[in-house]
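Just below is one structure, and these are the notes that go with it.
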Amino acid sequence: MRVEVGARFSTFSGPWTIVGVKFGAFAPTSSAMRGSRYAPFFAVLATIAATVVAVLTSRADDWDRPLVLISVAALALIADRYVIQSPTGTIVIATHPVFVLGMITLGPLPMLIIGELVIFTNRASTRNRLVGNAAIYAIFLVAGALLARIATDELGVSQTSGWFALAVVVLFLVTWFLNVALMTPWMWWIEGLRMDRELAATAWPLISTNLVLACATAVLVYLVVSIGAGVIAFFGILLIAYSRLQRDLLQAQRHAENARQLAAEAQAQRDGLVRIILDFVDARDQMTARHSAAVARYARRIAQAAGCSEAEQRLVHTAGLYHDVGKVMFADRMFKAGKLTDEEWEIVKRHPERGAELVGHLPNHAEVAAIILAHHERIDGKGYPRGLAGEQIPRLSRMISIADTYDVMTGRDSYRSPVSSAEAIAELRRVSGTQLDGELVELFVERVLATEDVAFRHGDDADFEAELEAERRARDAWTPDGSPQPASPALEAA
């Protein structure tokens, strides 16, 4: 079924849209839901009644403008076939402005003939739909033509006045509502399909769009009355050009939507891959998932306190989530408390490189990988893996270092005995300017930790899945292009 202004049934499916909508072949309804077998009979009676009214109200001057009659008929037939299908299955058509023009410039009987010509030259797939289309077109077009006649003859409104333009807008909207009022119960009667929820969900876009089209139709009617029927041909060219442009736009939107869906699916797969790696690490070291979530949360709060842009905050958050994926290369005993051998310590110093390598394989994550690579560098140049110092270390990496170090000290599931937040703060300040960025440490202490409760300060409520979901939501608005053993091994995170 298709629903438009001047709607009828077709074989497409989809929601309501701009000028009109074609709905597809419906799912079969049960016998209890199928419409009455008398529905076609009543539809035929309605068509006959509308035809009688059109004949009785027909006037000789309805046929005085054969060029307008031919132009409106031809344009209606063209518009009825020149359809555009949107990515959702919606069919965009543009017949109603043509019908309203005919209602005003012709009469009920000419418009009835044009409407039935459109119906029977583009037949519906079933008898019920065909007779329903014929009845709805007959009622809708005859009623609209009679309303137009009342505006011009009975009310005496000049067709070149502003009041008549208003009357055209009203006629457009009234006949559109009439069409919907006829189509909705008919669809329920013969198809068992309710449209009320669909209409309620799209009411404002439908009304606002048709209001714009109504105003454009008023301009078209004024031009035809003032200049002549030749304007209709010009309008037809514009209509076809508009339809082609709209089709191209919808195709571009379809391609863009497909690309976004593919990108979302690919990103979900990449998230899943990283999650598998972290699950593997977490199975051997129970603190990894919670620790990664805590580091991501702390680092983002530091970035926020430092006045970083929203994009940078999302970037450091993502890096915090993934910063420990390189630990996949650790042997089981390396996760347990105890002094590491020299060989094991060399492996530890390589885990930022391994993590950056893994994350760097993800498309558009080069910046994230760069942050992960440098998150164990030290301000004094004694960090690893490259021995960067001071401003050579990316600022976001320095935030990760602070968050990582703090959580290792305070986390209750840490492989070291946890210390209080106050003790951890004292240690952060002790190594400010040597291991950690002093300015960022103070921001973390004064503007983040000082405003939070104990659970936050110890990362007890940090949850990896919650932080990952937050990162996924943020991605809707942004996509990232994202030496000696330290003097205080109790402080620095591995």
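Start counting the sequence shown at 32; every next residue gets the next number (this note's numbering).
Glycine included, every Cβ here is placed at the ideal spot set by N, Cα and C.
For clarity, every value in this text was computed on a predicted model and none was experimentally measured.
query: Out of curiosity, what's the CA-to-CA distance linking residue 397 and residue 265?; result: 54 Å
query: With residue 440 and residue 458 assumed to form a contact (beta carbons below 8 Å), what rounded beta-carbon distance in angstroms separates them?; result: 7 Å
query: Quick check for students: name the residue ranges of the alpha helix (DSSP H) that lie wholly in the segment 336-387, counting only runs of 4 or more.; result: 341-353
query: Counting beta carbon pairs with one atom in the segment 131-144 and one in the segment 81-89, are three or more of them shorter than 8 Å?; result: yes
query: With DSSP collapsed to three states, give me the class of residue 87.; result: helix
query: Of the choices 417, 423, 462 and 413, whose alpha-carbon is the least far from that of residue 437?; result: 462
query: Do residue 129 and residue 106 have their C-beta atoms closer together than 8 Å?; result: yes
query: List the DSSP bridge partners of residue 467.; result: 463
query: Tell me the DSSP secondary structure of residue 408 in three-state form.; result: coil
query: Under a three-way DSSP split, which group does residue 218 fall into?; result: helix
query: If you follow the alpha helix (DSSP H) that residue 127 is part of, which residue opens it and which one closes it?; result: 127-136
query: Give the secondary structure of residue 394 by DSSP, where H, G and I count as helix, E and B as strand, and everything else as coil.; result: coil
query: Am I right that residue 348 and residue 403 are in contact with their C-beta atoms under 8 Å? What's the rounded C-beta distance?; result: Contact flag wrong, Cβ pair sits at about 13 Å.
query: Please report the distance separating the alpha-carbon of residue 262 from that of residue 101.; result: 13 Å
query: Tell whether a beta-carbon distance below 8 Å holds between residue 203 and residue 99.; result: no
query: Does the contact criterion of 3 or more C-beta pairs under 8 Å hold for the segment 317-333 versus the segment 447-456?; result: no
query: Can at least three beta-carbon pairs, one atom from the segment 187-200 and one from the segment 244-262, be found at a separation below 8 Å?; result: yes
query: Give the secondary structure of residue 190 by DSSP, where H, G and I count as helix, E and B as strand, and everything else as coil.; result: coil
query: Suppose the cutoff is 6 Å on Cβ atoms and the five residues either side in sequence are ignored; what does the same chain contact list for residue 146 look like?; result: 168 and 172
query: Could you check which residue in 360, 470, 320 and 388 has the C-alpha nearest to that of residue 376?; result: 360
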